[in-house]
Every structure is written in structure tokens, then in C-alpha cells.
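Here's the structure, in C-alpha cells; my notes come after.
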Amino acid sequence: MIVAEQKPLAEIRELLGNAKRVLVVGCGTCVTVCFAGGAKEAGVLGSLLRMGAQLDGSAKDVSEVTVQRQCEREYLDGIREQVDEADAVLSIGCGIGVQAIAEQFPDAVVVPGLNTSFLGKPAAHGEWVERCAACGNCLLGVTGGICPIARCAKQLLNGPCGGSSKGKCEVGTGDSKPDCAWQLIYDKLKAQDRLHLITEVAPPKDWRTSRDGGPRRIVREDLKLPSTGGQK
Amino acid sequence: MNASNGTTSRLASILKHGHFAVTTELGPPKNADPEIVRAKARVLRGCADAVNITDNQTAIVRMSSIAAGVIAAQEGLEPVIQMTCRDRNRLAMQSDLLGAYALGMRNVLCLSGDHQTFGNHPQAKNVHDIDSMQLVQMVVGLRDRGCFQCGEEIKGDNPRFFVGAAENPFGDPFDWRPYRLAKKAKAGADFIQTQLVFNVPRFREFMRRVVDLGVTEKLSILAGVGPLKSPAAARYMRDQVPGMDVPDEIVERMEAAGRGIEDKKARTAAYRETGIQICVEMIGELREIKGVAGIHLMAIEWEDAVPIVTERAKLLPRPTLEPETSACPPPH
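Shown next, in the form of C-alpha cells:
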């Protein structure tokens, strides 16, 4: 899922500036699951903004709404009226949600309430870890199901580097040190008797499928409908 | 031993003739003063067959390896330019390699590079378009296939470097390290310089496995050594540097060296003397290990120690050889 965390309140307030009527828009999907931007967080954030406004004397009319998926236009149609009435829309969806709202309501001032962090999963209660870099050309089949692009600090395809020590990456300190992805890859492939997968030199990666090839787009002709428009 | 590969590297020649090779290191300054490079180069002249010029070592901005290498060459050194995958993509690397060769550089050491969070620009974006193994392949490809990484033919002179890489025998997983080194041989590396060795028994075991895999028939291994300046430096390396293995007895020996010496200057001198002594002894032990073709002496920001260590380790004078040209294929 997409993992995000809330921006500092001071930054959010600065982004909202002098807007009197603020609509906080939560999202019911990824950011709900990672406790960053669901209905509950929208409610808490709305209250904080109202309290802050009372303290500094500025009158703020803050309301909240949460849609199932901010990234799909059908779900956003339902909040058109509320968006129209607001001076500013504070999206606490991921970066995709923020942009979907901005795209669908061209006149609305939309600001982000979250920092979209990574594609990952929960590791423990209150802890999330990155697992995918969306490079567009999945290598997991030859790396024991452990991604060196997302999980090696140097994205090595022929690791580990010399800094791998006692299973940990050289980057970070103390408990914040991530596991060495190449130690994990080695351990997994060794246990499965598949080390032959990494004994040959892995060639340079073709990054065109990643962000380096420019903004990406997938077109599925079999799914397209004649009446729907594509990307502008 | 593919030490002769059409390069005009003196280091290649030394290794090809079976001499016990000595390389050392010169760290470029954190400024634009060429005199600093010249002064360091003069200290190192005659002490080593080739001198590595570090590339933004520990991710701290310094004068470029290639620029400092050219200055060092003017002072009579044979540079090994270092190139990390951290700061450049494959376009920039190849362009710099063409330039370096045009400026007379003949050796290159291919590295991943210390992570930028350790350096003075932790905010930087790192590149890692290719990794050190693929960089070796790319430099070898420029030389042996006369092709850029993309496969396009180089029309005109192609750069023909003697290609090195690094390996840390003390990094984890220990059992995989010899195989990883074998991959560097497959990628086409001509020589390897290792991380600093302080734990000789562990290094001996590493080398036994490497020799068994036949790796030393394909490339030359230079064992990394370095004099310790102080017990604090020894402790720091033991406790703080990931992938370093400094046994307690080395730390204790450094600590003991200054015991009972009140005068600070005299104590510092005693520490340094012991550091140099340990290094000399280490070189003696490493020379006896099968498959070790030379040493890479890293006296970080302590170039003055290099003449002393090499003299005491009986590595001087260095052999005088003409650069290796006999096996040079015609320019592509």
C-alpha cells in the first residue's frame, strides 16, 4: 500500500494561509490503513485547525469529509458542492489523491496535509517499511522475493557492498539501521539452494520503465471504453 | 593472469612480471589548491607503483579524482583514479573515462561509493544507475570490445584502462564474499584492492577460499593495510565503521604503547611508532599468504607514514619498469 504521514501542523496551517472555509478530505484506502489520512485523522485534524483558529483569533470554518478513494473521479463527484464552498481543500490522501482533486476541480485551491512516503507494508503496530520502488520491471523472481531496488540503500544489483555488517545496512544508526537487503537475499537463496541465481553478474538495469523514462502511463486497449477520455 | 591487456599501466606491468606490488593512496584536498596535491605526491614518489586518487571519499566533496590524478602524474606518480557509482550515471562516467584516458590516466578503480549520508552533503540525491560490478564491466567493455555501455562502437581511440575493484573480506555475509569476488573476476577486473586487514587469520581463510575458486588466476589481489595513528582511531574502526574487523589485541597494543608516557607529544609519537610497527608486521604476514600479489597501503591523511612503512617493510626501492605496452592491441 501507499504509506504516508501527516505534515507538521504548523506547515499545514501555513499552507492554508488566510482561507476561512477549509474542507479536509480524507481517503478511505491506503492512508486509512496506515493511520495517516482516514476519517478518524480527518476529524482530529479538523478539530486541531478549529482550535488553532480560535487561539489566534482567526475565524476558520473547517469541515471534514472522507471519500472511499480520492484517486478515482467517481468518488470525488460526491464532494463537488463542498469543494465549491471551500476557500481551500486540505487533502489528506496521498499525493495521487491531492492531484486527483486538483485535476477534477480546477478552480479549487488544494493543499496536501500528508507527506507521501513510500510503497510498503506494516512491520509492526505503528511501524511501516518500504518494499517496492515501482521501477516497472520486477526483479523479485531472481532475488528471492526481496527487492534490492527498494531495500538496498545503493540499489545494488550485485551486492552486498562492503558496509554490510551483522545483517544490517551501513546507513542509519542504532535501531534505525535497516536490514541489509543482500544479506536477506543471500540467506533466502542459500536456504532454498538457489544461489546460482546470483553467481553471474547482473547486467545494468534499464531504467526506462522507472521514473527516469518520464511520467509513466499504462494503456489497456481491452479495457478502454469509447466514451471515456484518456490522459490529456 | 590477465595483467597484460593492452593498457600502458605501470601497475599492470609490475603485476605481470610477478613483482610484489605496492599501491597507496592520495586524498585530494577540500579546495582548489593544486600545490596540496603536488606536496603529497612528492612525499609518495618512489614509494609505490601506483597511487589511488580518491573520489569524494566518505562522500565529502574534494577536488576530483581525475584532476588531482593529472596533477599527481605531473609529479611523477602513476595514478589509479577512483570512480564511484554514487555521483554519476553511466553517461557521466563514460564521458569522464574518455577524458581521463585522454589526459593520460591508465588505471581506474571501480567503487560503489560510501553512502552520501556519511558525508557533508547528506541532502544529496544519489545516483547508483549502475553498480561497481557493472562499472567494471563497462570499463572493460570500453577497452576490450571498443564499445560504449549501450553497445555502440567507439570510433577512434578507445580508453584502455587497467581495471580495478575493491572487496571487503570482512563484510557480511562472510561465506558469500569469495563468490562475490569471483563475480568481479567474471566482470573482467584485473586487480582488487581489499579493505584494511587487521584480522589476519580471517583474511587468510578468505584468501584460501578465493584461491580455491581460481579467482587469483584471473586477477591480482592487493591486500589493504594501513598504520593506525592512535588507540582512538583503532577503537573507532573497531566499533564504528561497518564492515571493519579490528581485533581487540590490536586496540590493546595501541593503548599500551602510550601507557606511562606523560608528555603528550611523546605519547603521540609512541602511538604512531606502534601503529607503523603493527603495519610493517602485518605486511610481512600478508606477503606469505598464497594469492596475495601486493599491498594497498592506506595512510589516510598521513602520507608521511608511507615512506617509513614501505622502507621498513623492505618494499623499497620499487622496481623500475617500462609501462606495459607489448600486449597493446591496435587502437580500436
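Same order as they appear, the protein sequences are chains A and B. Throughout the first sequence, residue numbering follows the working numbering, covering -6 to 225 in sequence. Throughout the second sequence, residue numbering follows the working numbering, covering 5 to 336 in sequence. Even for Gly, the Cβ is constructed at its ideal location relative to N, Cα and C.
Nearest-angstrom Cβ-Cβ length linking residue i and residue j, presumed shorter than 8 Å
i, j, result
"A:ARG14", "A:GLU78", "6 Å"
"B:GLY168", "B:ASP133", "Not confirmed; about 20 Å, so no contact."
"A:LEU149", "B:ASP59", "No, A:LEU149 and B:ASP59 are not in contact; Cβ-Cβ is about 17 Å, not under 8 Å."
"B:THR27", "B:ALA71", "Actually they are not in contact, since the Cβ atoms of B:THR27 and B:ALA71 sit about 20 Å apart, beyond 8 Å."
"A:ALA143", "A:ARG124", "6 Å"
"B:ALA45", "B:LEU102", "B:ALA45 to B:LEU102, Cβ: 24 Å. No contact."
"B:GLY247", "A:GLY155", "5 Å"
Beta carbon proximity, residue i to chain A, threshold 8 Å
i, result
"B:ASN172", "yes"
"B:THR27", "no"
"B:TRP306", "no"
"B:LYS3", "Summary: the structure shown does not reach residue 3 of chain B, with chain B confined to residues 5 through 336, and so no result is reported for it."
"B:SER69", "no"
"B:SER116", "yes"
"B:ASP252", "no"
"B:LEU319", "no"
"B:PRO334", "Bear in mind that a pLDDT of 43 at B:PRO334, under 50, signals an unreliable position, so the number given afterwards is only what the model happens to contain. Not closer than 8 Å to any Cβ of chain A, the Cβ of B:PRO334 fails to qualify, so no."
"B:TYR183", "yes"
"B:ASP37", "no"
"B:LYS187", "yes"
"B:THR121", "yes"
"B:PRO246", "yes"
"B:HIS21", "no"
"B:ASN6", "Its pLDDT being 38, under 50, B:ASN6 is placed unreliably by the model, and nothing is read from it."
Residue i - DSSP class collapsed to helix/strand/coil
i, result
"B:CYS283", "helix"
"B:PRO251", "coil"
"A:THR192", "coil"
"B:HIS336", "Because B:HIS336 carries a pLDDT of 46, less than 50, the predicted location of this residue cannot be relied on, and no value is offered for it."
"B:LEU290", "helix"
"B:SER8", "With a pLDDT of 42 at B:SER8, under the threshold of 50, the modelled position of this residue cannot be trusted; read the value that follows with caution. DSSP places B:SER8 in coil when its eight states are reduced to three."
"B:GLU4", "The structure shown does not extend to residue 4 of chain B, since chain B is modelled only from 5 to 336, so the question has no answer here."
"B:PHE122", "helix"
"B:ALA331", "With a pLDDT of 42 at B:ALA331, under the threshold of 50, the modelled position of that residue is not reliable, and the figure given next carries that caveat. Reduced to three states, the DSSP call for B:ALA331 is coil."
"A:LYS161", "strand"
"A:LEU150", "coil"
"B:ASP179", "helix"
"B:TRP306", "coil"
"B:VAL167", "strand"
"A:ASP205", "helix"
"A:GLU120", "strand"
"A:GLY36", "helix"
"B:GLY160", "coil"
"B:ALA52", "coil"
"A:GLN92", "helix"
"B:ARG263", "coil"
"B:LEU301", "strand"
Range covered by the beta strand (DSSP E) that runs through residue i
i, result
"A:ASP54", "54 to 60"
"B:SER224", "224 to 229"
"A:LYS114", "107 to 117"
"A:THR25", "Counting along the chain, A:THR25 falls outside any beta strand (DSSP E), though it belongs to the alpha helix (DSSP H) covering 23 to 26."
"B:GLN199", "195 to 200"
Range of the contiguous alpha helix (DSSP H) that encloses residue i
i, result
"B:ALA104", "94 to 106"
"B:ILE18", "14 to 20"
"B:PRO235", "235 to 243"
"B:PHE207", "204 to 216"
"B:GLN141", "136 to 144"
"B:SER69", "69 to 78"
"A:GLN75", "73 to 78"
"B:PRO83", "Run containing B:PRO83: none in the alpha helix (DSSP H); it sits in the beta strand (DSSP E), 83 to 88."
"A:LEU9", "2 to 9"
CB contact below 8 Å: residue i versus chain B
i, result
"A:LYS13", "no"
"A:GLN176", "yes"
"A:LYS0", "no"
"A:ASN130", "no"
"A:ASN108", "no"
"A:GLY207", "no"
"A:PRO153", "yes"
"A:TYR179", "yes"
"A:VAL164", "yes"
"A:LYS159", "yes"
"A:GLY167", "no"
Cutoff 8 Å: residue i Cβ touching any chain C Cβ
i, result
"B:ASP176", "No chain C is part of this structure, whose protein chains are labelled A and B."
* Can you list, in chain order, the residues of the region 190 to 205 of chain A whose Cβ is nearer than 9 Å to any Cβ on chain B? -> ILE191, THR192, GLU193, VAL194, ALA195, PRO196, PRO197, LYS198, TRP200, ASP205
* Asked: Along the region 130 to 163 of chain B, what residues have a CB closer than 8 Å to any CB found in chain A?
  -> ASN130, HIS132, ASP133, ILE134, ASP135, SER136, MET137, GLN138, GLN141, MET142, GLN153
* What are the residues of the region 24 to 44 of chain A that lie near chain B, defined by any Cβ-Cβ distance shorter than 8 Å? -> none
* To do: Pull out every residue of the region 76 to 96 of chain B whose Cβ sits closer than 8 Å to any Cβ of chain A, in chain order.
  => CYS89, ARG90, ARG94
* Closer than 8 Å, Cβ to any Cβ of chain A: which residues of the region 191 to 212 of chain B, in chain order? -> ALA191, GLN199
* To do: Give the residues from the region 139 to 153 of chain A that approach chain B closer than 8 Å (Cβ to any Cβ), ordered along the chain.
  => ALA146, LYS147, GLN148, LEU149, LEU150, ASN151, GLY152, PRO153
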